[in-house]
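**Student:**
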Amino acid sequence: MSSFTRSDLTDLFRAFAQRMAAERTLLGELDGEIGDADHGVAMADGFEAAARALANVEDENQTLGDGFTLAGQVLLNAVGATTGPLYASALTRAATTFGPVQEVPFDHLPALIPAIFEGVERRGHGKPGDKTMLDAWWPAAHVVTHESDSSSGTVECLRAAAQAAAKGAEDTRAMMASRGRAARLGPRSIGHLDPGAVSAAALLDVLASWAADHERLT
(Lines of atoms letter the chains of each structure in order from A; the text may use other names.)
(Lines give C-alpha, C1' and ligand atoms only; values in the text may rest on other atoms or scores of the structure.)
Protein backbone atom coordinates (compact mmCIF):
# COMPACT_ATOMS: atom_id res chain seq x y z
CA MET A 1 0.00 0.00 0.00
CA SER A 2 1.32 3.44 -0.87
CA SER A 3 1.82 6.17 1.70
CA PHE A 4 1.32 9.89 2.10
CA THR A 5 4.64 11.28 3.29
CA ARG A 6 6.06 14.55 4.52
CA SER A 7 7.61 15.00 1.08
CA ASP A 8 4.20 14.43 -0.48
CA LEU A 9 2.80 17.20 1.70
CA THR A 10 5.27 19.64 0.18
CA ASP A 11 4.35 18.48 -3.30
CA LEU A 12 0.63 18.84 -2.54
CA PHE A 13 1.12 22.41 -1.37
CA ARG A 14 3.05 23.20 -4.53
CA ALA A 15 -0.01 22.02 -6.45
CA PHE A 16 -2.26 24.15 -4.23
CA ALA A 17 -0.03 27.16 -4.86
CA GLN A 18 -0.07 26.66 -8.63
CA ARG A 19 -3.86 26.50 -8.69
CA MET A 20 -4.30 29.55 -6.48
CA ALA A 21 -1.94 31.46 -8.76
CA ALA A 22 -4.03 30.42 -11.75
CA GLU A 23 -7.25 31.45 -9.98
CA ARG A 24 -5.83 34.70 -8.64
CA THR A 25 -7.61 37.05 -11.04
CA LEU A 26 -10.96 35.26 -10.90
CA LEU A 27 -10.98 35.16 -7.10
CA GLY A 28 -10.10 38.84 -6.98
CA GLU A 29 -12.96 39.68 -9.31
CA LEU A 30 -15.44 37.62 -7.29
CA ASP A 31 -14.26 39.23 -4.08
CA GLY A 32 -14.53 42.65 -5.67
CA GLU A 33 -18.25 42.08 -6.18
CA ILE A 34 -19.02 41.56 -2.48
CA GLY A 35 -15.78 42.22 -0.57
CA ASP A 36 -12.52 44.10 -0.82
CA ALA A 37 -11.10 42.30 -3.89
CA ASP A 38 -8.02 40.88 -2.15
CA HIS A 39 -8.94 37.19 -1.86
CA GLY A 40 -7.11 36.16 -5.03
CA VAL A 41 -3.89 37.89 -4.02
CA ALA A 42 -4.10 36.56 -0.48
CA MET A 43 -4.67 32.94 -1.49
CA ALA A 44 -2.05 32.96 -4.22
CA ASP A 45 0.63 34.62 -2.10
CA GLY A 46 -0.27 32.64 1.02
CA PHE A 47 -0.11 29.20 -0.54
CA GLU A 48 3.05 30.07 -2.43
CA ALA A 49 4.66 31.09 0.86
CA ALA A 50 3.45 27.91 2.57
CA ALA A 51 4.77 25.67 -0.22
CA ARG A 52 8.12 27.44 -0.12
CA ALA A 53 8.37 27.12 3.66
CA LEU A 54 7.55 23.41 3.55
CA ALA A 55 10.24 22.80 0.95
CA ASN A 56 12.83 24.81 2.86
CA VAL A 57 12.53 22.85 6.12
CA GLU A 58 11.85 19.39 4.72
CA ASP A 59 14.20 16.85 6.32
CA GLU A 60 14.19 13.42 7.95
CA ASN A 61 13.08 14.88 11.30
CA GLN A 62 9.99 16.68 10.01
CA THR A 63 6.68 14.94 10.67
CA LEU A 64 3.38 15.45 8.92
CA GLY A 65 2.11 17.18 12.03
CA ASP A 66 5.08 19.55 11.91
CA GLY A 67 4.41 20.24 8.25
CA PHE A 68 0.74 21.05 8.65
CA THR A 69 1.52 23.26 11.65
CA LEU A 70 4.18 25.14 9.69
CA ALA A 71 1.86 25.64 6.71
CA GLY A 72 -0.82 27.00 9.02
CA GLN A 73 1.57 29.44 10.66
CA VAL A 74 2.76 30.72 7.30
CA LEU A 75 -0.79 31.16 6.02
CA LEU A 76 -1.70 33.03 9.19
CA ASN A 77 1.10 35.52 8.58
CA ALA A 78 0.90 35.73 4.81
CA VAL A 79 -2.87 35.81 4.27
CA GLY A 80 -4.11 37.74 7.28
CA ALA A 81 -7.66 39.17 7.39
CA THR A 82 -10.23 36.46 8.14
CA THR A 83 -9.02 33.76 5.78
CA GLY A 84 -5.55 33.43 7.30
CA PRO A 85 -6.69 32.59 10.84
CA LEU A 86 -9.34 30.21 9.51
CA TYR A 87 -6.90 28.18 7.45
CA ALA A 88 -4.32 28.33 10.23
CA SER A 89 -6.84 26.72 12.58
CA ALA A 90 -7.81 24.22 9.90
CA LEU A 91 -4.23 23.11 9.35
CA THR A 92 -3.57 22.95 13.08
CA ARG A 93 -6.48 20.53 13.26
CA ALA A 94 -4.99 18.58 10.37
CA ALA A 95 -1.67 18.42 12.24
CA THR A 96 -3.45 16.74 15.13
CA THR A 97 -5.25 14.35 12.79
CA PHE A 98 -2.10 13.22 11.00
CA GLY A 99 0.12 13.36 14.06
CA PRO A 100 3.86 13.10 14.80
CA VAL A 101 4.66 10.63 12.03
CA GLN A 102 6.51 11.02 8.75
CA GLU A 103 3.99 9.07 6.71
CA VAL A 104 0.52 7.56 6.87
CA PRO A 105 -1.25 5.05 4.63
CA PHE A 106 -2.44 6.78 1.48
CA ASP A 107 -6.05 5.91 2.24
CA HIS A 108 -5.83 8.22 5.28
CA LEU A 109 -5.61 11.26 3.01
CA PRO A 110 -9.39 11.96 2.85
CA ALA A 111 -9.29 12.58 6.63
CA LEU A 112 -7.71 15.92 5.75
CA ILE A 113 -11.08 17.23 4.56
CA PRO A 114 -13.17 16.85 7.74
CA ALA A 115 -10.16 18.05 9.75
CA ILE A 116 -10.08 21.28 7.75
CA PHE A 117 -13.84 21.69 7.98
CA GLU A 118 -13.76 21.24 11.76
CA GLY A 119 -10.88 23.69 12.16
CA VAL A 120 -12.61 26.37 10.10
CA GLU A 121 -15.94 25.82 11.83
CA ARG A 122 -14.49 26.06 15.32
CA ARG A 123 -12.44 29.16 14.61
CA GLY A 124 -15.07 31.04 12.64
CA HIS A 125 -18.18 29.89 14.55
CA GLY A 126 -20.01 29.83 11.24
CA LYS A 127 -22.30 27.28 9.68
CA PRO A 128 -23.23 26.06 6.21
CA GLY A 129 -25.59 28.51 4.59
CA ASP A 130 -23.76 31.61 5.82
CA LYS A 131 -22.24 32.09 2.33
CA THR A 132 -18.64 31.33 3.35
CA MET A 133 -15.96 28.77 2.60
CA LEU A 134 -17.85 26.34 4.87
CA ASP A 135 -20.41 25.96 2.10
CA ALA A 136 -17.72 24.11 0.13
CA TRP A 137 -15.89 22.39 2.98
CA TRP A 138 -19.04 21.07 4.67
CA PRO A 139 -20.47 19.02 1.76
CA ALA A 140 -16.99 17.69 1.02
CA ALA A 141 -16.53 16.61 4.65
CA HIS A 142 -20.01 15.06 4.62
CA VAL A 143 -19.02 12.89 1.65
CA VAL A 144 -15.90 11.67 3.46
CA THR A 145 -17.54 10.97 6.80
CA HIS A 146 -21.00 9.76 5.77
CA GLU A 147 -21.06 8.70 2.13
CA SER A 148 -17.78 6.88 1.56
CA ASP A 149 -17.11 3.34 2.74
CA SER A 150 -14.39 0.72 2.59
CA SER A 151 -15.38 -0.17 -0.97
CA SER A 152 -14.69 3.37 -2.16
CA GLY A 153 -11.13 4.01 -3.25
CA THR A 154 -9.21 7.01 -1.99
CA VAL A 155 -9.26 8.83 -5.31
CA GLU A 156 -12.95 8.10 -5.86
CA CYS A 157 -13.74 9.47 -2.39
CA LEU A 158 -11.73 12.63 -3.02
CA ARG A 159 -13.32 13.16 -6.42
CA ALA A 160 -16.79 12.84 -4.92
CA ALA A 161 -15.83 15.31 -2.19
CA ALA A 162 -14.50 17.77 -4.77
CA GLN A 163 -17.69 17.51 -6.79
CA ALA A 164 -19.77 18.16 -3.68
CA ALA A 165 -17.62 21.19 -2.87
CA ALA A 166 -18.01 22.59 -6.38
CA LYS A 167 -21.79 22.31 -6.08
CA GLY A 168 -21.66 23.88 -2.63
CA ALA A 169 -19.66 26.81 -3.96
CA GLU A 170 -22.12 27.31 -6.82
CA ASP A 171 -25.02 27.19 -4.36
CA THR A 172 -23.64 30.26 -2.58
CA ARG A 173 -24.88 32.34 -5.50
CA ALA A 174 -28.44 32.07 -4.18
CA MET A 175 -27.48 32.79 -0.55
CA MET A 176 -27.52 36.04 1.38
CA ALA A 177 -24.27 36.58 3.26
CA SER A 178 -24.52 36.65 7.03
CA ARG A 179 -20.81 36.80 7.87
CA GLY A 180 -17.80 38.81 6.79
CA ARG A 181 -17.67 41.93 4.68
CA ALA A 182 -20.31 40.61 2.32
CA ALA A 183 -22.87 40.59 5.15
CA ARG A 184 -22.94 44.39 4.98
CA LEU A 185 -24.62 44.11 1.59
CA GLY A 186 -27.57 42.18 2.93
CA PRO A 187 -29.89 41.10 0.06
CA ARG A 188 -27.50 42.65 -2.47
CA SER A 189 -25.08 39.79 -1.81
CA ILE A 190 -27.56 37.40 -3.44
CA GLY A 191 -26.59 36.53 -6.98
CA HIS A 192 -22.85 36.52 -6.31
CA LEU A 193 -20.57 33.56 -5.66
CA ASP A 194 -18.68 33.54 -2.39
CA PRO A 195 -14.96 33.74 -3.25
CA GLY A 196 -13.92 31.76 -0.18
CA ALA A 197 -16.16 28.87 -1.20
CA VAL A 198 -14.87 29.04 -4.77
CA SER A 199 -11.23 28.91 -3.65
CA ALA A 200 -12.04 26.06 -1.24
CA ALA A 201 -13.64 24.08 -4.06
CA ALA A 202 -10.54 24.70 -6.18
CA LEU A 203 -8.29 23.38 -3.40
CA LEU A 204 -10.43 20.25 -3.13
CA ASP A 205 -10.26 19.76 -6.89
CA VAL A 206 -6.47 19.97 -6.65
CA LEU A 207 -6.43 17.44 -3.82
CA ALA A 208 -8.41 14.94 -5.91
CA SER A 209 -6.27 15.48 -9.01
CA TRP A 210 -3.04 15.29 -7.04
CA ALA A 211 -4.16 12.03 -5.41
CA ALA A 212 -5.05 10.52 -8.79
CA ASP A 213 -1.61 11.39 -10.16
CA HIS A 214 0.09 10.02 -7.04
CA GLU A 215 -1.82 6.75 -7.24
CA ARG A 216 -1.03 6.34 -10.93
CA LEU A 217 2.68 6.88 -10.35
CA THR A 218 3.07 4.56 -7.35
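Anchor point for the sequence shown: position 113 equals 113 in UniProt numbering, and the numbering is continuous, going up by one each time. We treat Cβ as the ideally placed atom computed from N, Cα and C, and that holds for glycine. Predicted model only: the values in this text are computed from it and were never measured.
Taking three-plus beta-carbon pairs below 8 angstroms as touching, is the region 11-25 in contact with the region 181-189?
**Tutor:** Contact fails: fewer than three Cβ-Cβ distances are below 8 angstroms.
**Student:** Apart from the five residues on each side of it in sequence, which residues of its chain come closer than 8 angstroms, Cβ to Cβ, to Ala160?
**Tutor:** Cβ within range, chain order: Val143, Glu147, Ser148, Ser152.
**Student:** Could you pull out every residue in the same chain whose Cβ sits closer than 6 angstroms to the Cβ of Arg173, ignoring the five residues on either side in sequence?
**Tutor:** Correct list, in chain order: Leu193.
**Student:** Within the same chain, show all residues whose beta-carbon is closer than 6 angstroms to that of Lys131, passing over the 5 residues directly before and after it, in chain order.
**Tutor:** Same-chain partners within the cutoff: Thr172, Met175, Ala177, Asp194.
**Student:** Expressed to the nearest angstrom, what Euclidean distance is found between the alpha-carbon atoms of residue 257 and Val120?
**Tutor:** The structure shown does not extend to residue 257, since the chain is modelled only from 1 through 218, so no value can be given for it.
**Student:** Assuming Glu156 contacts Phe4 (C-beta within less than 8 angstroms), just tell me the rounded distance between them.
**Tutor:** No, Glu156 and Phe4 are not in contact; Cβ-Cβ is about 16 angstroms, not under 8 angstroms.
**Student:** Mind checking which residues open and close the beta strand (DSSP E) that includes Ser3?
**Tutor:** That run of the beta strand (DSSP E) goes 3-5.
**Student:** I'd like to know if the region 20-29 and the region 41-55 are in contact, where contact means that at least 3 CB-CB pairs between them fall below 8 angstroms.
**Tutor:** The answer is yes - the region 41-55 touches the region 20-29, with three or more Cβ pairs under 8 angstroms.
**Student:** Determine the direct distance from the alpha carbon of Trp137 to that of Pro128, and round the result to whole angstroms.
**Tutor:** Whole-angstrom Cα-Cα distance: 9 angstroms.
**Student:** Please state whether DSSP places Pro195 in a helix, a strand or coil.
**Tutor:** Helix.
**Student:** State yes or no: is the C-beta of Gly35 within less than 9 angstroms of the C-beta of Leu54?
**Tutor:** Contact flag unset, no.
**Student:** Express the C-alpha separation of Gln62 and Gly99 in angstroms, rounding to a whole number.
**Tutor:** Spanning the two alpha carbons is a distance of roughly 11 angstroms.
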